[in-house]
Amino acid sequence: MTYQLNFSALWPYMPELLAGLWTTIELTVLATVGGVAIGICGAAFRCGNHKILRTVWGIYVEAIRNTPFVVQLFFIVFGLPAIGLKMTAGEAALLAMLINLGAYSTEIIRAGIQVTPKGQWEAGRVLGLTRSQTFLRIVLPPSLKRIYPSLVSQCIIVMLGSSVVSQVSFEELTFAANLIQSRTFLSFEVYLVTTLFYLLLSVAVRQLLLLAGRRVFGSEN
-2 MTYQLNFSAL WPYMPELLAG LWTTIELTVL ATVGGVAIGI CGAAFRCGNH
48 KILRTVWGIY VEAIRNTPFV VQLFFIVFGL PAIGLKMTAG EAALLAMLIN
98 LGAYSTEIIR AGIQVTPKGQ WEAGRVLGLT RSQTFLRIVL PPSLKRIYPS
148 LVSQCIIVML GSSVVSQVSF EELTFAANLI QSRTFLSFEV YLVTTLFYLL
198 LSVAVRQLLL LAGRRVFGSE N
């Protein structure tokens, strides 16, 4: 028995797949910008002198890094409403991705900061800068440059993990693929096309981020 591929039957559903792809792109952009911003703040807290902030943020990082993303998502979607915090599937998906990337990017950025020579902090003091100004203007830029490739990889991982949010009926790419498969029963064709979409998206996002890094930092990453 031979299986006959039938990609032509998917053509009427291509707008749904493209709409899901666009939703995935939007979710990725928002999660990347917000997650990296959280990571920068978290790295500052983790490297700072405020013991309570350092401890609390450390607990958050360890909790997120040692639990599955799907459990974090389900907690937000099904757990938070129990205490009165209700949100849409899209809001829950974005919040879960922000929290997840925020924790991982905190540790990646902190690793870059920890290898910063102490002389840079001292130079900031000599120039009359506050600790916050020294961090933002002198310490952070070269630290980000050192860890930028790792940060890009983590952003790609979170983007691919966004497929999990289809479990809470958020209409991104995987949700669209599952819906089309249930209508056509063309499992092989649907998921092969979806796999290619994710592959192309990952390559495109990685190259765009690396290009942005070269423009910002002025060197090859």
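Following the numbering used here, the numbering of the sequence shown begins with -2 at its first residue and continues without gaps.
Glycine included, every Cβ here is placed at the ideal spot set by N, Cα and C.
These figures come from a predicted structure and were not determined experimentally.
*For M11, count neighbouring C-beta atoms within 10 Å of its own C-beta (all shown protein chains included) and say buried if the count is 16 or more, exposed if not.*
Reading the sequence shown from its first residue, position 14 is the one you call residue 11. So M11 counts as exposed.
*Given that a residue counts as buried once 16 or more other Cβ atoms are within 10 Å of its Cβ, and exposed if not, what is L14?*
Mapped onto the sequence shown, residue 14 falls at position 17. Classification of L14: buried, given that the 10 Å Cβ count is 16 or more.
*Considering T20, what are the terminal residues of the alpha helix (DSSP H) in which it resides?*
As a first step, residue 20 is located in the sequence shown; it is residue number 23 there, counting from the start. Run containing T20: 11 to 44, per the alpha helix (DSSP H) assignment.
*Going by other Cβ atoms of all chains shown within 10 Å of its Cβ, with 16 needed for buried, is L124 buried or exposed?*
In the sequence shown, the residue the question calls residue 124 occupies position 127. By the 10 Å Cβ count, L124 comes out exposed.
_Length of the line joining the Cα atoms of Q151 and Y101_ = Start at 1 with the first residue of the sequence shown, and residue 151 comes out as number 154. Start at 1 with the first residue of the sequence shown, and residue 101 comes out as number 104. Computed Cα separation, rounded: 8 Å.
*Could you check if A201 is buried or exposed, using at least 16 other CB atoms within 10 Å of its CB as the buried criterion?*
On the sequence shown, position 204 is the one that residue 201 refers to. Exposed, since its Cβ has fewer than 16 Cβ neighbours within 10 Å.
*Pick helix, strand or coil for Q1, following the three-state DSSP scheme.*
On the sequence shown, position 4 is the one that residue 1 refers to. Coil at Q1, not helix or strand.
*Straight-line CA distance for I135 to T127?*
The residue given as residue 135 occupies position 138 in the sequence shown. The residue given as residue 127 occupies position 130 in the sequence shown. Rounded to whole angstroms, I135 and T127 show a C-alpha spacing of 11 Å.
*So what does DSSP say about G210, is it helix, strand or coil?*
Walking along the sequence shown from the start, residue 210 turns up at place 213. Helix.
*Between V155 and F71, what straight-line distance do the alpha-carbon atoms span, to the nearest angstrom?*
Taking the sequence shown and counting its residues from 1, the one referred to as residue 155 is at position 158. Taking the sequence shown and counting its residues from 1, the one referred to as residue 71 is at position 74. About 16 Å.
*What is the C-beta distance between L24 and M84, in whole angstroms, given that I count them as a contact (C-beta under 8 Å)?*
As a working note, residue 24 is residue 27 in the sequence shown. As a working note, residue 84 is residue 87 in the sequence shown. Rounded, the Cβ-Cβ distance is 14 Å, inconsistent with contact.
*Is the region 22 to 41 touching the region 101 to 110, taking contact as three or more C-beta pairs under 8 Å?*
Yes, the region 22 to 41 is in contact with the region 101 to 110.
*asked:* Do A79 and V162 count as a contact pair if the criterion is CB distance below 9 Å?
replied: Residue mapping note: residue 162 aligns to position 165 of the sequence shown, counting from 1. Residue mapping note: residue 79 aligns to position 82 of the sequence shown, counting from 1. With contacts defined by Cβ atoms closer than 9 Å, V162 and A79 do not form a contacting pair.
*Which of the three DSSP states, helix, strand or coil, is assigned to N218?*
The residue given as residue 218 occupies position 221 in the sequence shown. Below a pLDDT of 50, predicted positions are generally treated as unreliable, and N218, at 48, falls in that range; the measurement from the model is reported next regardless. Correct three-state label for N218: coil.
*Of the residues A173, G121, S159, the one placed nearest T29, counting alpha carbons only*: Start at 1 with the first residue of the sequence shown, and residue 29 comes out as number 32. With distances taken between Cα atoms, T29 lies closest to S159.
*Which residues bound the alpha helix (DSSP H) around A120?*
Residue mapping note: residue 120 aligns to position 123 of the sequence shown, counting from 1. Start and end: 115 to 123.
*Near G17, what residues of its chain come up, given a Cβ to Cβ distance below 8 Å and the 5 sequence neighbours on each side ignored?*
Working through the sequence shown from its first residue, we reach residue 17 at position 20. Closer than 8 Å at the Cβ level, and outside the excluded window around G17, lie E168, E169, L170, T171, F172, A173, A174.
*Apart from the five residues just before and just after N218, which ones in its own chain have a Cβ nearer than 7 Å to its Cβ?*
Here residue 218 corresponds to residue number 221 of the sequence shown, with the count starting at 1. Because the pLDDT of N218 is 48, which lies under 50, any placement of that residue in the model is unreliable, and the number read from its coordinates should be weighed accordingly. Contacts found: Y145, P146, L207, G210, R211.
*asked:* Less than 9 Å between the beta carbons of A34 and E186, yes or no?
replied: The residue labelled residue 34 in the question sits at position 37 within the sequence shown. The residue labelled residue 186 in the question sits at position 189 within the sequence shown. Cβ atoms of A34 and E186: not closer than 9 Å.
*Leaving out five residues on either side along the sequence, give the residues of the same chain with a beta carbon under 7 Å from the beta carbon of G87.*
Working through the sequence shown from its first residue, we reach residue 87 at position 90. Contacts found: F167.
*Quick one: what does DSSP say T246 is sitting in, helix, strand or coil?*
An answer regarding residue 246 cannot be provided, because it is not within the stretch -2 to 218 covered by the chain.
*Which whole-angstrom value is the C-beta distance of P139 and T181, which I expect to be below 8 Å?*
Here residue 139 is taken as the residue at index 142 of the sequence shown, counted from 1. Here residue 181 is taken as the residue at index 184 of the sequence shown, counted from 1. Actually they do not touch by this definition, with Cβ atoms about 52 Å apart.
*CA-CA distance, Q117 and G215?*
Counted from its first residue, the sequence shown places residue 117 at position 120. Counted from its first residue, the sequence shown places residue 215 at position 218. Taking the straight line joining both Cα atoms gives about 20 Å.
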